[in-house]
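Everything in the sequence shown is counted per this note's numbering, starting at 1097 for the first residue and increasing by one. Glycine residues also receive a C-beta, built at the ideal position from the N, C-alpha and C atoms. One structure is given below, encoded as structure tokens.
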Amino acid sequence: MATNRPRGILKAPLGKQMPENENHLALACRPDLGQEVVSLDNGTARKPPSELCCPLSREDMAELSRLGELPPNSLLKEIERVYEAAYELGIQEAKEIARAKHLKIFNNRKKKSL
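If you want it as structure tokens, here you go:
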């Protein structure tokens, strides 16, 4: 039986060169982020904003420090764990939305006005 589970995050093992067309990632075209390009070859990245939208708590700073100290393979495993958790939450959310639609919890205002 085929599964709809997502593929792994990495298409190639660490250290293997990706094709040239996949070597550049474009950032979102939002004015606050700019239209910079991150190159995986030369390591250029956009500078972080000087002020955050909300202050970080001690727990947030501790988690950032923990993630910053991880070796690359462990960091990739952590990213895959978060990716898998987000996928599972998406599946649960889709089931809840389908259930709510079936139970007609969400009312359609267009039907009421007709």
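For residue i, three-class secondary structure by DSSP
i: P1168; result: helix
i: I1201; result: coil
i: L1185; result: helix
i: S1161; result: helix
i: A1194; result: helix
Inter-residue spacing [alpha-carbon to alpha-carbon] between residue i and residue j
i: R1195; j: G1186; result: 14 Å
i: A1181; j: I1175; result: 10 Å
i: A1190; j: R1177; result: 20 Å
i: F1202; j: E1155; result: 37 Å
i: I1193; j: Y1179; result: 21 Å
i: L1199; j: C1150; result: 38 Å
i: L1166; j: E1184; result: 25 Å
i: G1130; j: S1170; result: Interpretation of G1130 is limited by its pLDDT of 47, a score under 50 that renders its predicted location unreliable; no figure is taken from the coordinates.
i: L1160; j: Q1188; result: 28 Å
i: L1172; j: K1197; result: 37 Å
i: S1153; j: P1168; result: 25 Å
i: L1163; j: M1157; result: 10 Å
Neighbour flag for residue i against chain B, beta carbons, 8 Å
i: K1173; result: Although the question refers to chain B, the structure presented lacks it and comprises just one protein chain.
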